[in-house]
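First residue of the sequence shown: 6, per this note's numbering; consecutive thereafter. Beta carbons: idealized from backbone N, C-alpha and C, even for Gly. These notes are about the structure you will find just below.
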Amino acid sequence: MDKTKGQKLKDQLFDNKKSGFEGLSGDKKALVMDFSSEYIEFLNRCRTERECTLFSEVLLKENGFVNIDEVDCLNPGDKVYFVNRKKAIYAAVIGDTMLEEGLNLVGAHIDSPRLDLKPNPLYESGGLALFKTHYYGGIKKYQWTAIPLMLRGVIVKSSGEVVNVRIGDDKNDPIFTITDLLPHLARKQEKKTLESGIAGEDLNVLVGSIPYDDKDASEKVKLNILDILNKKYGIIEKDFISAELELVPAFEARSLGFDLSMIAGYGHDDRSCAYATLRAIIDLKNPKRTSIALLADKEEIGSVGNTGMYSANFDVFIAKLLDKTGQNGYNVLEKTLCNSKMLSSDVTSAADPTYSDVDDCHNAAYLGNGISLCKYTGSGGKGGASDASAEFVAKIRNILDKNNLVYQMSDMGKVDEGGGGTIAYILANKGVDVLDCGVPVLSMHAPYEVISKFDLYNAYEVYKAFYQD
Ligand code: MN
Ligand code: MN
């Protein structure tokens, strides 16, 4: 049946929003599903920023990238990377134009909300051995009780010897958990607010219950745990003070839904964007402008510290690229950054039909409708936002439109409902044109988050098209 005049006009004038799966060809759908399977494998292997950095370094090396400190000069087509203190990694493909004319940057982060062990974690109480923790990033604490947890990270002895801890890779490995009160005795607890129901000091992790076999020794359960750790890792209690041990959800990332359209897993924020960024830079061929992937640490606690996006190590990496391509003029680093453009590849909140009251439905990001551009983040009157210019947003639209890529534009939550931030403003402060552009997530910052497979693959395609422009 022919369309009416009004229907035709609507097709022409309206911004018709729809799922990226609608009308997707079989071939394309197969690409989406294959890419998602590889991502699921990555997510299950890499549960900390250190593990993500190591995985990325190996993959980059396998694909012809070399450590920037091992090369003296760089030419178009060369591929290099730089590891910042084992917790952040940057990769670059040298383009044809002078770096001073500007770089194409895509920046994600590889740290995710979790529970860190306190420096003196191990204690015994009521016949049980437990670890004290200090949560990292913005979490709803009640979500972290009564779920399986893995312990990952490093212990560095005063000699400098590094002990890697990766409990949970083997099916026979133990898991850990934080206990919660049974409902039968939780009358008082259940009257508390969600925010105060579980206090930070209540996030104590159960790690053992067998006493050491000696009737005269005290704290025998704790002693038995230390004995086990000493035999396995050669450590003593004091070694915990120079350790970074993280408790992360032990759930396996899996396909979600009867239609297998989604992925449930820990750490989609921001490893979904980080993985798409990494794959995009690896698959990039002969870019015009030098293209860079940034996988930063510490975003969840404000991008601070020497592995966060504020770190001078980023400037040092760009300075190295300039030096090795023979560009050493006055203020060349600043000029390079002021001419650069960037996609801040960080996840955004997906509209949740159960909690639709927090969203402006006209400006929410919808799961499966493709990557979501975000002109500004921040909260309450755009506080803390870098606010991309109309000109720059138009430029990105143009790249996506000419590559026939699906995308949506969103504003996180209703005005005055709350807000959030990414690394966008940090680069924008250096003079870079930045637009937030990431995968929509349901249950963000929960131990088990949800994304759409279409959005994940779409992010990879968008980042690649941006690099190639
Ligand atoms: Mn994030
Ligand atoms: Mn986050």
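- Here the alpha carbon of D474 sits roughly 10 Å from the alpha carbon of I401.
- Residue range 458-473 is occupied by the alpha helix (DSSP H) that includes E466.
- For H114, the shortest C-beta to heavy atom distance toward ligand 1 is below 7 Å.
- The alpha-carbon separation between G142 and N403 amounts to approximately 35 Å.
- When C-beta atoms of the segment 145-164 are compared with those of the segment 440-456, three or more pairs fall below 8 Å, so the two segments count as touching.
- If you ignore the 5 residues before and after I246, its C-beta comes within less than 8 Å of the C-beta of P124, N125, all in its own chain and listed in chain order.
- Close to ligand 2, as judged by a C-beta nearer than 6 Å to any of its heavy atoms, are the residues D274, E305, H450, in chain order.
- With a cut-off of 8 Å on Cβ pairs, the segment 103-117 is in contact with the segment 301-311, counting three or more such pairs.
- Taking 7 Å as the cut-off, one finds at least one heavy atom of ligand 1 near enough to the beta carbon of V352.
- According to the DSSP assignment, R157 belongs to no alpha helix (DSSP H) but to the beta strand (DSSP E) extending over 154-161.
- CA-to-CA, the gap between S296 and L378 works out to about 20 Å.
- C-alpha of Q413 to C-alpha of L372: approximately 10 Å in a straight line.
- Here K84 carries a strand assignment [DSSP, helix/strand/coil].
- In the assembly as shown, T359 is an exposed residue. Its beta-carbon has fewer than 16 other beta-carbons within 10 Å.
- Its chain contains L120, T138, Y140, K146, W149, I183 as the residues whose beta carbon lies nearer than 7 Å to that of L208, once the 5 sequence neighbours on both sides are disregarded; these appear in chain order.
- In the three-state DSSP reduction, H273 falls in the helix class (H, G or I).
- Within the same chain, Cβ atoms closer than 8 Å to the Cβ of G205 are found at H139, Y140, K146, the five residues on either side in sequence being excluded.
- Taking C-beta atoms under 8 Å as the contact rule, L110 and L326 fail to qualify, at a distance of about 12 Å.
- Residue state for G165 is assigned as coil, using DSSP reduced to three classes.
- A straight line joining the alpha-carbon of K435 with that of G313 spans about 15 Å.
- Going by C-alpha positions, C57 is about 11 Å away from L283.
- For D438, the enclosing beta strand (DSSP E) begins and ends at 438-443.
- Contact between the segment 84-91 and the segment 330-343 is absent, with fewer than three C-beta pairs closer than 8 Å.
- Selection G425, G418, G443 evaluated against D351 yields G443 as nearest (Cα-Cα).
- Assignment of beta-bridge partners to H189 by DSSP yields no partner.
- Excluding its 5 nearest sequence neighbours in each direction, L135 has C-beta neighbours in its own chain below 7 Å: Y128, N209, V210, L211, V212, listed in chain order.
- Distance between K346 and A324, taken at the CA atoms: about 17 Å.
- Annotation: the segment 283-323 contains no complete segment of the alpha helix (DSSP H) (minimum length 4 residues).
- Secondary structure at D101: coil, using DSSP grouped into helix, strand and coil.
- Taking the CA atoms as reference points, D328 sits about 44 Å from A255.
- When the beta-carbon positions are compared, G100 and S214 stay at least 8 Å from each other.
- For T150, the Cβ stays outside the 7 Å cut-off from all heavy atoms of ligand 1.
- DSSP places Q12 inside the alpha helix (DSSP H), whose first and last residues are 10-18.
- Considering only M267, V363, P81, the residue with the shortest C-alpha distance to D460 is M267.
- Excluding five sequence positions before and after E466, the CB atoms of its chain that fall closer than 7 Å to its own CB belong to L410, given in chain order.
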